[in-house]
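These protein sequence lines are chains A and B, in that order. Take 1 as the starting number for the first sequence in our numbering and just add one per residue. Take 267 as the starting number for the second sequence in our numbering and just add one per residue.
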Amino acid sequence: MTMLTNVFVKTLRDQRRALAGWSMGLAVLVLLEAALWPTVRNMGNLQDFIASYPEALRELFKIDQFATGNGFFNGELYSLMLPILFLVYGIGRGARAVAGEEEAGTLEVLLTTRVSPVSLVLHKAAALAVAVAGLGVVLFVAVLLSSSAFGLGVTPADALTGSLSMVLLGLEFGMLALAVSAVSGRHAVAVAAASALAVAAYLLYAAGGLVDALRSWRGVSPFQQALADGPLGAGLPASYVWMPLAAAVFLFVALPVFDRRDITVH
Amino acid sequence: MLGADVVADREAVQRRIGYLPGDFVAYPDLTAAEYLRYIGNLRGGVDPSATARLAKRLDLDPGVTISAMSHGNRQKVGIVQAFQHDPELLILDDTTKGLDPLVQHEFLAMLREARAAGRTVFLCSHVLSEVEAVADTVGILRKGRLVEVATVADLKAKALRRLDITFEGPPPADVLRAVPGVADVAANGAGVQLVVTGSMAGLFAAAAPYGIASLVSHEPDLEEIFLTYYGERG
């Protein structure tokens, strides 16, 4: 029997099956993608192949970098697939954090214990951070192992920044979903709000690369902050700072609102 | 509350409260034991033997997963979580809903024991026989407003009482009608049915000279009292 000592432990325990499944999925995805690398590398006409893509796509998926292992992973995994997976996990779990319990009716008894509304949200947020970071660790290990198995040459430092950028991206939108979940008490509203903002941020990032008028705004998008020039092989960009900062702002705006709000009782 | 500020010293107060919501929901994927331990930990730790004793008393198997339980058994989990830390104040909302009569009986015994041990119990109930069985003081809420707070005995004294009086001679209906507090007088042969509010001294003084052959008084229950508050008098 798990020792359910507090809300943080309980929340992580509730995610144990999901985390196991997602870890498995991530590892398989990275492994399968890496297995394609020897074929891509040995394509004699790789440059022709790259040139056949429209410039916009080359830019967006960093296809020009396909000649290196880092570039291949950046284009194939880190520019869309992995961000989507980390966002879906972060938003899904964040949205459930408070609203899930409130809609199920389990929140009522919880808040008559010594757990204050503020500490409840902080415990939920900490559990979300640990879960997403856990997926980041799985990604780090999977990328390193796959890289060495198929000769992509990704260094531990590259893999680390890659995982960090995905974790921070997932956390920013996960915390947004958690904040909306705490403020609105509604799971669907939290998912919708965070997903809509994530899509908007991606569109700004994508369009910012194509439309000159939007180029100066591109830096506002968390996708630009996370993916600019990498993330593999880009070192540790200063732009990463904005993501945890935004996550903290979402959380601290939600805390006083949830603290004062009446919860829904069935 | 309990001498502590509920805003400034929330934690100290919450520890001393046991609460069972009207629509109690526990985590379906946990067993009763896991759930009770979790809530106990959040309350600052609970003696496991107290939890086990309560579960046994209510005939609850703590090893069963909550999703597999009947409504009555889930309600038992709720009762145990409210009582297990021996709180000074119990707030219980429609608790006996879905419980079988034996468990209801046991639950009412637990309330009486809590009362005897000096605990305060706020019991919200629509089952008035249950209120009558355990409550010292009754508050009647109507449309969100507290319309009456009184002891059960006081409430009953104030209540309408239905009387059947049989006289030796012709019933003096008009005399009785004139007595303050008497209403709904209906003569029917030698008998009279009427309703009296409050003290009966005036009624008896007026009726005695006519020779009372027999008298039947219907003891009001809380339900009738309750209805008068919700009826025209409310």
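By construction, the Cβ of each residue, glycine as well, lies at the ideal position given by its N, Cα and C atoms. Computed from a predicted model, the values in this text were never measured in an experiment.
- Message: For a test of the three-state rule: what should DSSP assign to Y285/B, helix, strand or coil?
- Response: Counted from its first residue, the second sequence places residue 285/B at position 19. Residue state, collapsed to three classes: strand.
- Message: Determine, for R114/A, whether the minimum Cβ-Cβ distance to residues of chain B falls below 9 Å.
- Response: Taking the first sequence and counting its residues from 1, one reaches residue 114/A at position 114. Closer than 9 Å to some Cβ of chain B, the Cβ of R114/A qualifies, so yes.
- Beta bridge counterpart(s) of I50/A as assigned by DSSP: The sequence position of residue 50/A within the first sequence is 50, counting from 1. Per DSSP, none; premise fails for I50/A.
- Message: For P83/A and F252/A, which I take to be in contact (beta-carbon distance under 8 Å), what is that distance rounded to the nearest angstrom?
- Response: By one-based count along the first sequence, residue 83/A stands at place 83. By one-based count along the first sequence, residue 252/A stands at place 252. In fact, because the Cβ distance is near 25 Å, the residues do not count as touching under 8 Å.
- Positions along the segment 461 to 487 of chain B whose CB lies within less than 8 Å of some CB in chain A: When C-beta distances to chain A are compared with 8 Å, every residue of the segment 461 to 487 of chain B stays at or above that value.
- How close, in whole Å, do the beta carbons of V167/A and V154/A come, if the pair is a contact with beta carbons under 8 Å? Here residue 167/A refers to the residue found at position 167 of the first sequence. Here residue 154/A refers to the residue found at position 154 of the first sequence. Rounded, the Cβ-Cβ distance is 17 Å, inconsistent with contact.
- Message: Just to confirm my understanding: we take A449/B, look at its own chain, exclude 5 residues before and 5 after, and list those with CB closer than 6 Å. What are they?
- Response: Sequence index remark: in the second sequence, residue 449/B carries index 183 (1-based). Contacts found: V461.
- Can you have a look at V115/A and say buried or exposed, based on whether 16 or more other CB atoms are within 10 angstroms of its CB? In the first sequence, counting from the first residue as 1, residue 115/A sits at position 115. Answer is buried; the Cβ neighbour count reaches 16.
- Task: Might you give, ordered along the chain, the residues of its own chain that have their beta carbon closer than 8 Å to the beta carbon of I263/A, omitting 5 neighbours on each side?
- Result: By one-based count along the first sequence, residue 263/A stands at place 263. Within the same chain, I263/A has close Cβ partners E102, L107, E108, L111 and G185.
- Report the residues of the segment 8 to 19 of chain A with a CB closer than 7 Å to any CB of chain B, ordered along the chain. Answer set for the segment 8 to 19 of chain A: K10.
- For D440/B, does the three-state DSSP call read helix, strand or coil? As a working mapping, residue 440/B is identified with position 174 in the second sequence. Correct three-state label for D440/B: helix.
- Task: From the DSSP output, in three-state form, read off A416/B for me.
- Result: Position 150 of the second sequence holds residue 416/B. If DSSP states are grouped into helix, strand and coil, A416/B belongs with the strands.
- Message: Let me see if you follow: with CB-CB separation under 9 Å, is V109/A close to chain B or not?
- Response: In the first sequence, counting from the first residue as 1, residue 109/A sits at position 109. Interface residue (Cβ-Cβ distance to chain B less than 9 Å): V109/A is classified as such.
- When the Cα atoms are used, what is the spatial distance from A399/B to H371/B? One-based indexing of the second sequence puts residue 399/B at position 133. One-based indexing of the second sequence puts residue 371/B at position 105. Using only the alpha carbons, I get a separation of about 10 Å.
- Residue ranges of each alpha helix (DSSP H) run of no fewer than 4 residues wholly in the segment 13 to 90 of chain A, ordered along the chain? Within the segment 13 to 90 of chain A, the complete alpha helix (DSSP H) runs of at least 4 residues are 16 to 41, 46 to 51, 55 to 60 and 69 to 73.
- Are the beta-carbon atoms of G75/A and F86/A separated by less than 9 Å? The residue you call residue 75/A lines up with position 75 of the first sequence. The residue you call residue 86/A lines up with position 86 of the first sequence. Taking 9 Å as the Cβ cut-off, G75/A and F86/A do not qualify as a contacting pair.
- Can you tell me which of the three DSSP states I491/B falls into? Within the second sequence, numbered from 1, the residue matching residue 491/B stands at position 225. Helix, per DSSP.
- Query: Based on Cα-Cα distance, which residue from A238/A, G69/A and G174/A lies nearest to A35/A?
  - Reply: Mapped onto the first sequence, residue 35/A falls at position 35. Nearest in C-alpha terms to A35/A, of all of A238/A, G69/A and G174/A, is G69/A.
- Message: Check this for me: beta carbons of L358/B and V387/B, under 9 Å apart or not?
- Response: Residue numbering aside, residue 358/B sits at position 92 when the second sequence is read from its first letter. Residue numbering aside, residue 387/B sits at position 121 when the second sequence is read from its first letter. If you check the CB distance, L358/B and V387/B come in under 9 Å.
- Item | Selection from D158/A, L120/A and G94/A that minimises the alpha carbon distance to V132/A | Your numbering for residue 132/A matches position 132 in the first sequence. Measuring from the Cα of V132/A, the nearest candidate turns out to be G94/A.
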